[in-house]
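Notes follow the structure.
In our numbering, the protein residues as written are 140 to 222.
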């Protein structure tokens with residue numbers, strides 16, 4: 140069985156601030172909705188990132204935004220799981 144993982148990685152100015160998390164989805168469409176939700180939440184909380192100078196990648200399966208102090212990277216990957 141295959142699932143889709145939406146992985147969110149944050150890199151802060153100090154290494155101790157870095158974190159990552161993931162959510163599993165049974166369909167690619169669900170994962171794309173999950174990525175969009177994460178993207179929208181990040182841009183809502185960090186309004187200064189919502190401009191063309193900070194957003195490097197903005198696709199339905201990959202989002203990357205950041206400035207000199209922090210960055211967010213959201214990707215979708217396919218994972219095999221055992222039933």
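Cβ atoms here follow ideal geometry from the backbone N, Cα and C, with glycine treated the same way.
- DSSP places residue 162 in the strand class (E or B) of the three-state scheme.
- Residue range 167–184 is occupied by the alpha helix (DSSP H) that includes residue 167.
- Under DSSP, residue 201 forms a beta bridge with 198 and 214.
- Remark: C-beta atoms of residue 197 and residue 215 do not approach each other more closely than 7 Å.
- Contact annotation, residue 151 with residue 195: C-beta distance approximately 17 Å; criterion of less than 8 Å not satisfied.
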